[in-house]
Amino acid sequence: KGELVVLGRNGSDYSAAVLAACLRADCCEIWTDVDGVYTCDPRQVPDARLLKSMSYQEAMELSYFGAKVLHPRTITPIAQFQIPCLIKNTGNPQAPGTLIGASSDDDNLPVKGISNLNNMAMFSVSGPGMKGMIGMAARVFAVMSRAGISVVL
1 KGELVVLGRN GSDYSAAVLA ACLRADCCEI WTDVDGVYTC DPRQVPDARL
51 LKSMSYQEAM ELSYFGAKVL HPRTITPIAQ FQIPCLIKNT GNPQAPGTLI
101 GASSDDDNLP VKGISNLNNM AMFSVSGPGM KGMIGMAARV FAVMSRAGIS
151 VVL
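Heads up, the sequence shown stops at 153 in UniProt numbering, and the numbers go up one at a time, no gaps.
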């Protein structure tokens, strides 16, 4: 259509993943400004550890809940075709990076990673008149949607 589309943060990562899926590539490499995926944000937690590997699902969840290294949409095309994704650092190419794939070598870790979301609010809807009230959740979600509020479950 000739329309300009801006993909936003990590748009190049998503483009690389889509291209890798279209080409059925052996691997998708994403070069960024960090050595790979860490257990938490190394700028906030100096003791953060670099993960050698993680599953597609783990990468998607961490990125969805605030990890900045990848956008969650990046994972879908490569996971669909089981294409491994290597996250490397352009400023430190000798670093091993993090391999994202179907499984993880770091499965023995009780907690794989911690991320955070800023500007979040938590609320509870309750009351004695709600028990057995059909459609209450649908009405709450509809109001949130109309207000342009994303609900994280």
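Even for Gly, the Cβ is constructed at its ideal location relative to N, Cα and C. Everything numeric in this text was worked out from a predicted model, so none of it was measured.
In this structure, the CA atom of S104 is about 8 Å from the CA atom of K52. If you look at L50, you'll find it isn't in any beta strand (DSSP E); DSSP assigns it neither H nor E. The alpha-carbon separation between C40 and L19 amounts to approximately 28 Å.
Residue range 11-23 is occupied by the alpha helix (DSSP H) that includes C22. Counting of Cβ neighbours within 10 angstroms places C85 among the buried residues, the total reaching 16 or more. Close CB contacts of P96 within its chain, under the 8 Å cut and outside five residues either way in sequence, are with D35, G36, L50, K52 (chain order).
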